[in-house]
Structure formats: C-alpha cells, structure tokens
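Q: Line order of the protein sequences matches chains A and B.
Residues in the first sequence are numbered from 154 upward in steps of one, following our numbering.
Residues in the second sequence are numbered from 154 upward in steps of one, following our numbering.
We put the CB at the ideal spot given by N, CA and C, even for glycine.
The model shown is predicted, which means the values in this text are computed figures rather than measured ones.
Below you'll find the structure I mean.
Number of protein chains: 2
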Amino acid sequence: MTLTAPTATIGLDTAAELAAQLRVDSVRSSTSAGSGHPTSSMSAADLFAVLATRHLRYDWDDPRSPANDHLVLSKGHASPLLYSLFKAVGVISDDELMHGYRRLGQRLQGHPTPALPWVDVATGSLGQGLPDGVGVALAGKYLDKLPYRVWVLCGDSEFAEGSIWEALDKASYYRLSNLVTMVDINRLGQRGPTDLGWDVDAYARRAEAFGARVLVIDGHDLTAVDDALTAAADPAGEQPTVILARTVKGRGFAEVEDSNDWHGKPFPPEMADRAIRELGGVRNLTVRGPRPAEGSIDGASPASDPAARPVTTEPTRRAAPASYGVGEPVPTRKAYGDALAALGARDPRIVALDGEVSNSTYAFEFARAHPERYFEMFIAEQQMVAAATGLAVRGYRPFASTFAAFLTRAYDFIRMGAVSGVDLCLVGSHAGIEIGPDGPSQMGLEDLAMMRAVHGSTVLYPSDATSTVALTEAMAATPGISYLRTTRGKYPVLYPDGETFPVGGSKVLRSSDEDAVTLIGAGVTLHACLAAADALADEGISARVIDCYSIKPIDDATITAAVLATAGRIVVVEDHHPEGGLGSAVKDSLVADGRVRPALIHLAVRAMPGSGSSKELLAWAGIDADHVTSAARYLVSG
Amino acid sequence: MTLTAPTATIGLDTAAELAAQLRVDSVRSSTSAGSGHPTSSMSAADLFAVLATRHLRYDWDDPRSPANDHLVLSKGHASPLLYSLFKAVGVISDDELMHGYRRLGQRLQGHPTPALPWVDVATGSLGQGLPDGVGVALAGKYLDKLPYRVWVLCGDSEFAEGSIWEALDKASYYRLSNLVTMVDINRLGQRGPTDLGWDVDAYARRAEAFGARVLVIDGHDLTAVDDALTAAADPAGEQPTVILARTVKGRGFAEVEDSNDWHGKPFPPEMADRAIRELGGVRNLTVRGPRPAEGSIDGASPASDPAARPVTTEPTRRAAPASYGVGEPVPTRKAYGDALAALGARDPRIVALDGEVSNSTYAFEFARAHPERYFEMFIAEQQMVAAATGLAVRGYRPFASTFAAFLTRAYDFIRMGAVSGVDLCLVGSHAGIEIGPDGPSQMGLEDLAMMRAVHGSTVLYPSDATSTVALTEAMAATPGISYLRTTRGKYPVLYPDGETFPVGGSKVLRSSDEDAVTLIGAGVTLHACLAAADALADEGISARVIDCYSIKPIDDATITAAVLATAGRIVVVEDHHPEGGLGSAVKDSLVADGRVRPALIHLAVRAMPGSGSSKELLAWAGIDADHVTSAARYLVSG
C-alpha cells in the first residue's frame with residue numbers, strides 16, 4: 154500500500170464554498186427524492202465542510218485503508234449531507250445523488266448503511282453512532298494501534314438517549330483521545346424543541362462530567378470550527394473530545410431557519426429553487442482533504458502504550474485446549490469460557506466484551522488469557538453491543554456476553570448490527586428458569602424469540618460442554634449476528650471430543666426402528682428428553698431423541714424424518730416462553746415441509762416464574778423429564 | 154380513610170439498632186436460603202434504617218394508601234435488606250424471612266416483585282428502579298398532586314446504565330423535587346471494582362450536570378444520613394435530589410468488608426454465626442417510622458402548581474369522537490391518535506407518553522386535547538416505558554408510543570413491566586417495510602416477535618381506522634402488556650362504525666361454500682389479501698379472507714375452520730420478518746389444533762430491505778397482492 158503525504162491545505166474560503174454546495178445538494182437531493190431531511194443537513198454543513206477539507210484524513214480511493222480516519226454520521230437522517238459530501242469528494246456522481254437517493258435498489262438509502270464503502274455502520278436509530286464509534290476508537294487505540302481518528306457527528310436530540318452517556322463514560326474510561334464527537338445543537342427535534350434547547354452550557358457540564366474535553370463553538374463560524382477540529386485532533390491525549398456546536402436548523406435559507414415546521418420534509422420544487430438561489434446556486438466543486446500521513450500504518454501511535462490502558466483483569470494463565478470427559482458435569486457457560494480462551498490463542502482477531510458479569514458468563518477465562526483483547530463494558534449492555542459493532546468494523550471478531558435476560562437491553566443495537574451487516578457473536582448465559590432462586594428478572598425467557606427474529610441471525614443452544622466448544626468455534630466463522638445460549642447449572646457431557654456440530658445440524662441421540670414418538674430438546678431440556686426416553690423405554694415405549702442445538706437454521710431434514718418415522722408424534726420442550734423459540738422453530742419447519750400432520754405437544758414456560766431451585770422450577774413449569782415422559786405417553790396411547 | 158399524624162420521632166440510637174438488625178437478618182436470610190447478596194445489603198443498611206425510622210412516611214397497615222411515600226429498591230439484589238426491613242416493621246414474620254426467602258412458591262423472591270404489597274415494581278434488571286421511580290414521581294407531582302415522596306435506593310454499578318441518565322434528565326426536566334435517589338457507593342460490582350470506584354466527586358459532577366441537587370455523605374454516619382434525608386424531603390422544590398453515600402460493602406463484618414470475593418454469596422453457616430456475633434447478635438426489634446400526615450391526601454401539594462410544569466404541547470382543542478366512512482383512506486396511526494384523545498376525554502386515568510415522535514405516531518392528538526396528562530419523553534424509549542410503568546403503579550393507564558422499530562430499545566423494560574404485573578399499552582407506528590424510503594433502521598420488522606414473547610402480552614394489529622379505534626379502546630381494559638401495531642400509509646376504512654373487535658377475535662371478510670384457499674393478513678397485508686381475493690375471483694378461484702387483527706391471543710377457531718374448509722390451503726402474509734410474527738402465530742394455532750395438515754405458504758420479509766416507495770417495497774418483499782395471488786393460485790393448482 155502506498156500512502157502519500159496530505160495534500161496542500163485547503164483554505165477556509167474553499168470550505169465555505171463546499172458548505173454552500175453541501176447545503177444546495179442536500180436540498181436538491183431530498184427534493185428530488187420527495188423525502189428526506191434537508192434542514193437537519195443544513196445545520197451541520199459547515200462542520201462537515203471544514204472537517205472534510207482540512208481534518209479528515211481519508212483516502213477516498215481506498216476506503217478500506219487501515220490508515221483512514223473514520224467518519225460516523227450518528228444523526229443518520231442527515232444522509233443528504235453525507236451523500237452530498239460523497240459527491241464533493243468525487244466518489245459518487247451528481248446523477249446518483251439526484252436519482253439514487255431513497256430509491257428502490259439504490260445504495261443511497263434514507264439512512265446510511267455500509268452498502269456504501271465509505272460508511273462503517275448503519276445509523277438512523279438515534280444514539281447509536283457514537284457508541285459504535287467508541288468501538289472503532291477502542292480498536293484504533295488498543296488493537297490496531299494506529300493514529301487514525303474517529304469523527305462522529307451527533308444531533309442534539311439523540312443526547313436524550315442514555316446510550317450516548319454510556320458511550321462517553323466508556324470513552325473517558327478507556328481514554329479515547331482518538332474519538333471526536335461533534336454535536337450539531339440546532340435546538341429542534343422532530344416535533345419541537347429539544348429537552349435542553351440551546352442551553353449549550355448544560356451540554357458542556359454533562360459532557361465534562363463524563364470525562365470529555367469540551368469545546369464550545371458557533372457551528373457556523375468556520376474559523377471557530379477549524380480551531381476546534383485542530384484542537385480535537387490529538388490522539389495522543391487522555392480524553393475524548395466533544396465539540397458542542399451551536400447551530401441553526403435550515404441554516405442558509407432564511408425561510409426555514411430555526412423553524413419548527415420543516416423537520417424531515419423536502420422542500421417543494423419551487424421552494425427548493427428559492428433555497429438554491431439564496432445559497433448561491435448549484436456548484437460542482439470537487440475537493441478532497443488530507444490523506445493519511447505516509448507511514449502512518451507502519452508503527453504504533455503514541456497513544457498505543459499498553460500501560461495507558463485501564464486493566465480490569467490481571468493475566469494469570471493461558472487457556473488449555475478445552476476438552477471434557479463424557480459424563481463429567483460441566484456448565485455450558487464454563488465450556489464457553491474455556492473455548493473462547495482457546496480460540497483467542499489461535500486467532501488474534503478474536504476479542505471479548507462483557508457487561509460486568511464475566512465471572513458468571515465465564516468470559517473471564519478469555520480476559521485472563523488475553524487481557525489485551527478483553528474490554529470490560531461494566532453494566533452497559535447497549536454500549537457492549539455497540540463497541541462490538543465498532544470492533545467488527547475494524548475486522549475483529551467480537552464475542553459479547555451477559556445474562557441472556559440482559560441482552561434484551563441491547564435489542565435495538567443488535568437489530569442495527571444486522572442492518573450494518575457486521576459479524577457479531579453474542580452469548581447469553583443463565584438461560585431460562587433453570588437458573589433457580591434469583592427469580593424472573595434474571596431469567597432469559599424471550600431471548601430465542603428475540604434473536605431468531607433478527608435478519609440473517611444464527612441461534613445456537615448447546616446441551617453439553619463438547620458441543621458448546623464446537624459451536625463457539627463455529628460462531629467465529631459465522632457471518633452476521635450469531636447467538637449462543639448457555640446454561641447456569643452443571644449437566645453431564647454427552648459427546649466425546651472430536652464430535653462435530655455443523656451449524657444447521659442436529660444430533661439424534663436415541664433412535665430405533667420401533668420409535669413411537671420423537672422428543673426434541675435443546676440445552677437443559679435435552680437432558681430431560683434423555684431421561685424421559687429412559688423412563689419410556691422401561692415402559693416399552695421407544696422414543697427418538699433429537700438434540701436441536703442449532704435453532705436457526707434448524708435441521709429440517711432430521712426433524713421431518715423423525716416425525717414421519719414416529720407417526721407424527723412429537724414432544725418439543727424448551728426453557729423459554731412458548732412464543733418464538735425452539736417450539737416455534739420446529740413448528741415452522743414441520744409446516745414448511747407439509748408432509749406430516751404432527752400430533753405435537755409443546756412444553757414451555759407458560760406462567761410467570763418465581764424463585765425456587767432449578768429442579769423445582771423445571772418441574773413447576775412442566776418441562777422436566779417427568780412431564781416429557783407424560784406427554785410422550787399421552788401421544789403414544791392417544 | 155383515616156390518616157393519623159406521624160408517630161413520635163424515633164431517635165438515631167434506635168436507627169442504629171435497626172441497622173444492626175437489618176444486617177443480621179440479611180445475613181441470616183441469605184445463609185438460610187443458600188443464595189443471595191448479604192454484602193450488598195449490608196452496605197446500605199444504615200441508609201435504610203434512618204430512612205425507615207425517621208423519613209419514609211408509610212402506613213404499613215395500608216400499603217395501598219395514596220398518601221404513602223414510595224420506596225423503590227433499584228438495586229434489587231439487595232432484597233435481603235428490604236425483606237429484613239419488612240420484618241422490622243412487622244409486616245412479615247421472622248419465620249417467613251428465614252423459610253420463605255428464595256423458595257418455590259414464596260413471595261420473598263430473589264429480587265423483589267409486587268407479589269409483595271409493599272413493592273411497587275419488580276427490580277433486578279439494574280438501572281430500572283430509578284426510571285420507574287421517575288414515573289411514580291410524575292404521577293405524584295402532576296396527576297395525584299399529593300405530597301408523597303419517592304425514595305429510590307440505587308447501587309453504584311447501575312450508574313453505568315444509560316437508563317439512569319435518561320431518568321435523571323427527565324427528573325430534572327420535570328422538576329421532580331419529590332424524587333430522592335440514594336446511591337450506595339460501595340465501589341464494588343459483581344466481578345470487581347466499578348468504573349468510578351469511590352470517586353464520589355465524579356458521580357457528583359455527573360448528577361449535578363444532569364440537574365439534580367446533590368448531597369454527598371458518609372453512608373455509615375447516621376447523623377449525616379439523617380441530615381441528608383431531611384434536606385432531601387422537599388417536594389415543593391424544583392430539583393430532584395441525589396444523595397451520594399460512600400459506603401463499604403459488607404459493612405459490619407470485618408472479614409468481608411470491602412472485599413471483592415463476596416458478591417452475591419451467602420455466608421456459610423459458621424461464618425454467618427461469626428458475622429452475627431460481630432454485629433451484636435440476633436434482634437427482634439419492631440419499629441415503624443412516621444405515617445403520612447393527616448389530611449395529606451385531601452389537597453394539592455405546593456408542588457402541584459400546573460404552572461410549574463414544562464409544557465411541550467399547547468392545548469388547542471378537544472378531540473371529537475373518532476368515526477370514519479367506509480372506503481375513506483386513513484392511516485391507522487391517525488385513527489390511534491383520534492381514539493386515544495377521545496378515550497382520554499372519557500377516562501381520566503388515561504395518560505400518554507411518546508418518544509419525541511408524537512407527530513408521527515399521532516399521540517399529539519392526545520397531547521393537544523389533554524396536555525396535563527401527556528408526558529413528552531424525548532428520544533428516550535427506555536425511560537418512556539419506565540415512566541409508563543411508574544404511572545401504572547399509581548393507577549393510571551399509560552399509552553406509550555414510538556416507531557415500532559424503536560420499541561426494541563426498551564425491550565428489557567417491557568419484559569420487566571410484565572414481571573411487575575403492570576398494565577401498559579404500547580403502540581408502535583411505522584410498522585414494516587411499508588414505511589418506504591426511510592429504510593431499514595426505521596422499519597419495525599421484529600416487533601411482533603418481541604411482543605408475543607412477553608409473558609401475558611396481548612398483540613393487536615388493525616388494518617383500518619375503525620378497528621384501530623375499537624382496539625385502542627379495548628387496550629385500555631386489557632390487563633398486562635398490550636401492544637398495538639400501526640401503519641404509516643393511508644388505507645381504506647373497511648368496517649362501518651359500531652363494528653366490534655373483541656381481543657382474541659378475527660374478521661372473515663370473504664367467505665363462501667366454494668372457498669378453495671384461505672388468505673390471512675393483518676394491517677397492510679390484509680389489503681393485499683382482499684385485492685388478491687378479487688383477482689382470484691376473476692380467475693374463478695374463491696378465497697376466504699381473514700383479518701387477523703388479534704395476533705395474541707389468536708382466533709384459533711376461525712382459523713382452523715377456514716383451513717379445514719379450504720382443504721388445508723392457506724396463505725399467511727405479513728410485513729415482518731418470518732420468525733415469531735403473524736405466520737408463527739397462525740402455525741402455532743394450526744399445529745396445536747392438530748386436525749389439519751396445512752399446505753401453507755408464508756409470505757414475509759425475508760431479505761434486508763432498503764429504501765423505496767411503499768408499493769415498490771411490498772412487491773420487492775413478495776408480500777403484495779400479486780404475490781398473495783400467485784401463492785394462492787399455486788396452492789389451488791398444486
């Protein structure tokens with residue numbers, strides 16, 4: 154890779170021209186599309202123009218260069234501004250801007266996505282771009298050890314999202330001096346004034362209290378913007394920078410300036426013409442700012458001193474390869490930790506994050522073995538998933554873990570991760586009522602439904618340590634959002650070392666020509682199915698037992714074959730609410746196949762649980778071996 | 154109701170005795186249960202003892218008294234402390250504490266729930282008790298207009314959750330001087346030190362920046378605690394109060410004080426004995442603090458001046474009863490707004506909240522008609538649901554709305570609302586790809602799966618304005634978490650005024666003895682089914698069409714009858730991902746019935762959408778009338 158020195162510095166007069174062009178093109182593109190957010194773009198045009206011409210170090214011909222700075226449009230609805238910038242640097246044409254924006258099959262979508270090579274993450278769900286940027290900055294400072302900066306443009310409305318404060322908290326904790334947040338304080342949200350309006354001092358107090366270096370400017374004073382961006386670009390420092398820019402919504406077109414009536418509305422054509430005239434007419438300036446400095450990817454940046462890194466876990470040992478004897482009682486969560494630590498030893502791209510429960514999820518096994526690749530996110534599940542997303546942008550393979558119940562906290566981030574197309578490995582421990590005395594707040598009972606509904610997701614639920622190790626390894630090679638559900642308690646190892654568990658497969662653990670009923674379980678309920686099969690055998694009833702460790706994709710062929718072989722009789726049992734989980738996946742599979750009319754009993758957690766022992770609760774919910782046995786007996790005798 | 158004056162003030166010496174008893178009982182109960190969090194209880198025992206003896210105004214014999222203060226244990230894992238307090242005030246026995254805690258079928262669960270009459274909301278998912286408390290305080294200040302205070306005990310770890318900052322932001326915006334947050338800063342989380350440790354000044358800067366009055370104390374100095382609680386109890390003020398109490402985890406038992414090794418672990422019996430000895434032995438003090446002042450529920454508090462309330466919407470008109478002509482194009486989101494405003498005129502318990510998109514969800518119709526019962530939550534969906542939860546605690550019926558996609562942000566809060574057993578009406582607008590050009594970040598495509606998986610939930614999805622009005626009204630009488638999905642675009646009204654839409658029902662819109670196939674849709678896809686039925690009729694194929702407006706519970710009888718009548722042939726079509734939504738509900742229903750072997754085609758959104766027009770996207774996803782027609786034709790000819 155050849156990197157050249159930055160081009161000659163572009164003057165602020167050119168930046169001013171560019172700002173006018175960005176405004177004009179934001180108006181033109183949104184009017185042409187018949188929808189979009191011109192006024193939200195116009196307030197931030199000066200920030201973007203100065204940034205792009207004089208500060209953003211980016212090789213537009215090589216968007217994948219690791220030396221490039223990163224630009225995240227957290228206020229994703231200002232997409233006309235971003236796309237107008239892409240035109241101004243010459244990577245998209247005016248024709249695409251005018252005829253591709255918000256159209257079917259086009260890449261200039263209503264909110265930016267990585268369908269565009271210059272976009273790192275999808276935005277549009279507010280309060281996510283900055284948390285994602287924290288992840289990219291973590292990669293830059295601690296893993297890539299490159300001097301790139303991460304520039305995030307936020308709206309002021311999104312500062313009402315708690316996720317913004319999770320992000321700034323982590324940015325200061327991890328001393329992300331390579332992260333610069335520009336806040337476009339135009340005081341107006343969608344339906345009216347924001348919470349804090351133009352009280353820039355209030356924003357300043359908050360951001361400072363969260364550990365940021367704060368610069369307050371007039372966001373339309375190009376010199377002030379330039380000075381702030383110059384001051385901000387200090388990746389060797391100790392603090393993230395937040396630039397609070399007081400701006401005017403619709404700036405540059407007096408008719409709509411600071412008006413509450415023009416959020417998210419394109420101007421009608423004749424109005425757009427007036428705006429363009431007032432803005433000085435259509436321009437076709439092509440201008441590029443600095444490129445990354447030559448050699449900037451060769452060495453560690455001053456910021457990459459590992460001593461500067463907060464350490465949350467002391468390295469004590471390397472992980473041994475994970476291996477278990479059949480029959481040994483091992484929690485799958487423990488096997489996950491073992492597997493991840495071992496995987497980390499083989500693959501330097503593997504990184505791990507956890508929400509302050511690493512001693513429960515066993516992510517601490519990885520943290521101990523590879524402390525330099527472990528990021529403690531404390532109790533901030535949204536930021537945990539966002540940081541994972543940002544790390545994935547830089548080519549790392551993040552495993553992020555917490556209790557299955559608490560991944561619900563991050564559902565919007567998981568959903569947006571799918572839109573971003575990143576590869577994330579999520580792990581939820583303490584699944585279901587099996588956890589026992591802690592009660593329903595800690596019980597993951599919606600997680601399978603939630604994760605199955607994510608576009609392109611993979612959902613895995615191993616029953617023993619051996620399969621957990623195999624599936625943890627499989628996740629590291631699985632595209633998109635993958636999810637592993639682990640169990641709190643100890644259950645016997647079922648499979649010998651070396652057994653394979655392809656994603657989309659299953660295991661038939663009991664099978665004969667006389668099988669009268671199929672029992673399908675996963676995780677803790679597979680053990681109930683095995684015990685039930687033994688009890689049924691004592692009664693002379695032969696049962697087929699399937700370990701449905703891959704819930705999405707599910708093993709249609711094996712399930713259908715089993716159900717056909719057992720005259721349609723099937724018991725499916727899960728430690729999850731009845732909607733959207735294993736039972737739903739099995740039913741979807743059978744109905745799609747269409748060859749069988751199943752006589753199906755679906756055992757699941759149908760009432761609100763309380764505390765109790767694991768054994769008591771599994772019996773109470775009707776998902777233990779006794780209930781599986783009874784259900785199977787009923788079907789066979791029925 | 155008779156309310157007496159507060160009892161004679163209890164001295165701090167008694168509070169000290171109580172604190173020792175709370176510690177001893179926290180140790181005893183957790184050791185007896187074999188699980189629990191004694192050390193997290195011990196750090197906060199002094200705060201609780203002083204609060205309960207001298208400040209909390211509570212009639213323990215009448216927990217439902219509207220005059221009572223409210224006490225929320227946001228750090229729900231400190232349940233031994235709370236339950237020990239319940240023993241100390243005489244509402245539970247020592248026997249229940251020792252033999253009920255964390256046991257099957259008992260009400261003293263691992264984390265508190267409203268199974269106990271003195272508990273308002275379930276906690277245990279950290280960072281939720283304070284947001285819930287904001288909702289209770291909103292009710293107190295603006296609706297009940299009663300001088301009760303809301304006291305929330307938080308842990309320090311949970312201050313890493315963004316939801317805490319959403320809560321403080323709203324508490325200061327709404328000037329909730331009746332809300333007092335006590336933070337037990339014991340510096341240790343589950344797996345190690347917290348983000349900020351004992352940097353109490355950092356907490357102080359943050360809470361002050363978010364608009365709170367901050368008091369910093371030594372949480373084990375009873376006089377300091379007492380002074381702070383006295384200063385805090387000022388509901389006529391303008392700010393919420395945050396008391397930052399520096400504490401020691403495990404305080405009172407030197408062996409575990411400030412130790413990182415004893416989070417969430419009961420002491421073994423002999424260790425518990427040592428702890429109890431060091432704490433001065435078992436006590437059986439019964440002590441109650443002040444009761445609410447006589448007459449305190451008769452008049453408005455000084456804080457209830459409506460002029461003190463931030464107004465986000467100006468009242469302009471009362472809503473007319475909602476009514477639409479058949480064939481008139483009306484967006485269901487608009488009908489929702491109309492219906493809610495009308496409902497609010499009839500029922501003073503109805504309140505509404507929105508996440509800064511009320512002009513899109515049409516919640517602004519309610520805000521205009523009943524500004525005193527509308528709470529703008531800005532872009533803070535977690536706080537929106539939590540505030541709704543707190544308002545429900547006080548007997549109001551909250552309707553909380555945002556885009557369906559953004560309700561994913563609040564899934565953990567919705568889940569916990571179900572554990573709390575509150576009645577919440579949630580409304581998600583802009584469902585599915587139907588929204589068109591804004592793209593996938595704004596498209597609710599997981600919401601049906603997410604909401605169906607919530608325990609005890611009701612999921613409704615109307616196709617026209619008339620049914621939307623009826624279902625909005627039905628929601629107001631539906632227990633638990635109910636969800637209404639609305640559509641962005643205009644579609645013709647299908648039903649005349651006066652038509653009824655019972656929850657759990659459906660409508661058969663086309664039916665004959667010759668029906669060859671059943672078409673099931675809801676929302677926008679019902680219109681596709683109707684158009685498809687017309688097209689099929691032109692080909693001589695008679696189709697039954699079902700409006701499945703109630704997705705949970707679903708109308709099993711009607712669906713089964715239709716499928717039996719049409720030889721098992723069924724097309725189900727939805728604007729949602731294929732997992733967990735309408736198709737899943739229909740399949741669950743058919744499999745549970747078991748009488749039919751369905752030949753089912755399930756049309757859903759299977760690829761990642763981009764921008765486009767509504768019409769283009771419905772065609773692209775294969776869920777428009779043409780695709781329904783083709784699918785039906787295939788089944789009939791197959």
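In angstroms, rounded to a whole number, what distance separates the CA positions of residue 404/A and residue 168/A?
A: As a working note, residue 404/A is residue 251 in the first sequence. As a working note, residue 168/A is residue 15 in the first sequence. For residue 404/A and residue 168/A, the distance between alpha carbons rounds to 16 Å.
Q: Between which two residues does the beta strand (DSSP E) containing residue 284/B stretch?
A: The sequence position of residue 284/B within the second sequence is 131, counting from 1. Where residue 284/B is concerned, there is no enclosing beta strand (DSSP E), although the alpha helix (DSSP H) it sits in stretches over 282-291.
Q: Taking 8 Å as the limit between beta carbons, can you name the residues of its chain near residue 410/A, skipping five residues before and five after?
A: Position 257 of the first sequence, counted from the first residue, corresponds to residue 410/A. Closer than 8 Å at Cβ, skipping near neighbours: 401, 402, 403 and 404.
Q: Please say whether residue 656/B and residue 627/B have beta carbons closer to each other than 8 Å?
A: Here residue 627/B is taken as the residue at index 474 of the second sequence, counted from 1. Here residue 656/B is taken as the residue at index 503 of the second sequence, counted from 1. Yes; because the gap between Cβ atoms is below 8 Å, this pair is in contact.
Q: Would a check of beta-carbon distances place residue 429/A closer than 8 Å to chain B?
A: In the first sequence, residue 429/A corresponds to position 276, counting from 1. It does not: the Cβ of residue 429/A has no partner Cβ on chain B nearer than 8 Å.
Q: Can you grab the Cα-Cα spacing for the pair residue 724/A / residue 761/B, in whole Å?
A: Counting from one through the first sequence, the residue named residue 724/A turns up at place 571. Counting from one through the second sequence, the residue named residue 761/B turns up at place 608. Going from the Cα of residue 724/A to the Cα of residue 761/B covers about 34 Å.
Q: Exposed or buried, residue 435/B, counting other C-beta atoms within 10 Å across all chains shown (16 or more means buried)?
A: Residue 435/B sits at position 282 when you count from the first residue of the second sequence. Classification of residue 435/B: exposed, given that the 10 Å Cβ count is below 16.
Q: Would residue 740/A pass as an interface residue toward chain B - the criterion being a Cβ-Cβ separation below 8 Å?
A: The residue you call residue 740/A lines up with position 587 of the first sequence. For residue 740/A, the answer is yes, since a Cβ of chain B falls inside 8 Å of its Cβ.
Q: Please work out which residues of its chain come closer than 7 Å, Cβ to Cβ, to residue 452/A, disregarding the five sequence neighbours upstream and downstream, and give them in chain order.
A: As a working mapping, residue 452/A is identified with position 299 in the first sequence. Any reading at residue 452/A needs caution, since the residue's pLDDT is 49, under 50, leaving its predicted position unreliable; the model's value is listed next. Excluding residues within five positions, none has a Cβ falling inside 7 Å.
Q: Expressed to the nearest angstrom, what Euclidean distance is found between the alpha-carbon atoms of residue 256/A and residue 774/B?
A: Taking the first sequence and counting its residues from 1, one reaches residue 256/A at position 103. Taking the second sequence and counting its residues from 1, one reaches residue 774/B at position 621. Cα to Cα, residue 256/A sits roughly 15 Å from residue 774/B.
Q: So, helix, strand or coil for residue 582/A, using DSSP?
A: Along the first sequence, one-based indexing puts residue 582/A at 429. Looking at residue 582/A - three-state DSSP - the assignment turns out to be strand.
Q: What does residue 343/B touch in chain A if you count any residue whose Cβ is under 8 Å from its own?
A: As a working note, residue 343/B is residue 190 in the second sequence. Per Cβ cutoff of 8 Å: 509, 510, 512 and 513.
Q: Between residue 533/A and the rest of its own chain, which residues show a CB-CB distance below 6 Å, the 5 nearest in sequence each way excluded?
A: Taking the first residue of the first sequence as position 1, residue 533/A is located at position 380. Take residue 533/A, set aside five residues on each side of it, and the residues of its chain with a beta-carbon closer than 6 Å to its own are 319, in chain order.
Q: Which chain A residues are close to residue 257/B, counting only those with a beta carbon under 8 Å from its beta carbon?
A: One-based indexing of the second sequence puts residue 257/B at position 104. Chain A residues near residue 257/B: 763, 764, 765, 766, 769, 770 and 773.
Q: Taking Cβ-Cβ distances shorter than 7 Å, what residues in chain B pair up with residue 392/A?
A: Numbered from 1 along the first sequence, position 239 holds the residue referred to as residue 392/A. What residue 392/A touches in chain B: nothing, since even the nearest Cβ is about 13 Å away.
Q: Considering just the uninterrupted stretch of the beta strand (DSSP E) at residue 625/A, what are its terminal residues?
A: In the first sequence, residue 625/A corresponds to position 472, counting from 1. No beta strand (DSSP E) contains residue 625/A, which is instead part of the alpha helix (DSSP H) from 618-628.
Q: Shorter than 8 Å from the beta carbon of residue 103/B to some beta carbon of chain A?
A: The requested residue 103/B does not occur in the structure, where chain B is confined to residues 154 to 791.
Q: In chain order, what residues of the same chain have a beta carbon less than 6 Å from the beta carbon of residue 457/B, not counting five sequence neighbours either side?
A: Counting from 1 along the second sequence, the entry for residue 457/B is found at position 304. Residue placement at residue 457/B is flagged as unreliable, the pLDDT there being 44, under the threshold of 50; a coordinate-derived value is accordingly withheld.
Q: Look up residue 705/B in the DSSP assignment and give the residues it is bridged to.
A: By 1-based counting over the second sequence, the position of residue 705/B is 552. Bridge partners of residue 705/B: 612/B.
Q: Could you tell me the distance, in whole angstroms, from the CA atom of residue 217/A to the CA atom of residue 545/A?
A: Counted from its first residue, the first sequence places residue 217/A at position 64. Counted from its first residue, the first sequence places residue 545/A at position 392. In a straight line, the C-alpha of residue 217/A is about 13 Å away from that of residue 545/A.
Q: Measure the Cβ-Cβ separation of residue 664/B and residue 697/B and say whether it is below 8 Å.
A: The residue given as residue 664/B occupies position 511 in the second sequence. The residue given as residue 697/B occupies position 544 in the second sequence. Closer than 8 Å, so yes.
Q: How would you write the range of the alpha helix (DSSP H) that residue 252/A sits in, first residue to last?
A: Translated into the one-based positions of the first sequence, residue 252/A becomes position 99. Residue 252/A -> alpha helix (DSSP H) spans 247-253.
Q: Can you pull the chain B residues whose beta carbon is under 8 Å from the beta carbon of residue 532/A, in chain order?
A: Taking the first sequence and counting its residues from 1, the one referred to as residue 532/A is at position 379. Result: 279, 280, 310, 311, 313, 314 and 342.
Q: Quick one: which chain B residues come within Cβ less than 8 Å of residue 817/A?
A: Nothing can be reported for residue 817/A: it is not among the residues displayed for chain A, which extend from 154 to 791.
Q: CB-CB under 7 Å to residue 559/B, same chain, minus the five flanking residues each way: which ones, in chain order?
A: The residue given as residue 559/B occupies position 406 in the second sequence. Counting only Cβ-Cβ distances below 7 Å, and skipping sequence neighbours, we find 508 and 534.
Q: Whole-angstrom Cβ separation of residue 781/A and residue 756/A, contact assumed at under 8 Å?
A: Counted from its first residue, the first sequence places residue 781/A at position 628. Counted from its first residue, the first sequence places residue 756/A at position 603. Right, their Cβ atoms sit about 7 Å apart.
Q: DSSP state of residue 318/B, grouped into three classes?
A: One-based indexing of the second sequence puts residue 318/B at position 165. Residue 318/B falls in the helix class under three-state DSSP.
Q: Buried or exposed: which applies to residue 470/B, given that a residue is buried once 16 or more other Cβ atoms fall within 10 Å of its Cβ?
A: Here residue 470/B corresponds to residue number 317 of the second sequence, with the count starting at 1. The pLDDT assigned to residue 470/B is 49, lower than 50, so where the model puts this residue is not dependable; a value taken from the coordinates is nonetheless given after this. Exposed: under 16 other Cβ atoms inside 10 Å.
Q: Nearest to residue 587/B by alpha carbon, out of 205/B, 675/B and 658/B?
A: Position 434 of the second sequence, counted from the first residue, corresponds to residue 587/B. Looking only at 205/B, 675/B and 658/B, the smallest Cα-Cα distance to residue 587/B is reached by 675/B.
Q: Might you give, ordered along the chain, the residues of its own chain that have their beta carbon closer than 8 Å to the beta carbon of residue 163/B, omitting 5 neighbours on each side?
A: In the second sequence, the residue the question calls residue 163/B occupies position 10. Closer than 8 Å at the Cβ level, and outside the excluded window around residue 163/B, lie 206, 207, 440 and 442.
Q: State the Cα-Cα distance for the pair residue 170/A and residue 571/A, rounded to the nearest angstrom.
A: One-based indexing of the first sequence puts residue 170/A at position 17. One-based indexing of the first sequence puts residue 571/A at position 418. The alpha-carbon atoms of residue 170/A and residue 571/A are separated by roughly 37 Å.
Q: Go through its chain and collect everything with a Cβ distance to residue 643/A's Cβ below 7 Å, but skip five positions before and after it.
A: Position 490 of the first sequence, counting from 1, holds the residue named residue 643/A. Answer for residue 643/A: 482, 483 and 484, listed in chain order.
Q: Going along the chain, which residues of its own chain have a beta-carbon closer than 6 Å to the beta-carbon of residue 707/A, five neighbours each way excluded?
A: Numbered from its first residue, the first sequence carries residue 707/A at position 554. 738 and 742.
Q: For the beta strand (DSSP E) that residue 110/A lies in, which residues bound it at each end?
A: Given a span of 154 to 791 for chain A in the structure shown, any question on residue 110/A remains unanswerable.
Q: If you measure beta-carbon to beta-carbon, which residues of the segment 583-595 of chain A are closer than 7 Å to chain B?
A: Taking 7 Å as the Cβ-Cβ cut-off against chain B, the residues of the segment 583-595 of chain A that qualify are 590, 591, 592, 593, 594 and 595.
Q: Just by C-beta distance, which residues in the segment 171-188 of chain A are closer than 9 Å to chain B?
A: 186, 187 and 188
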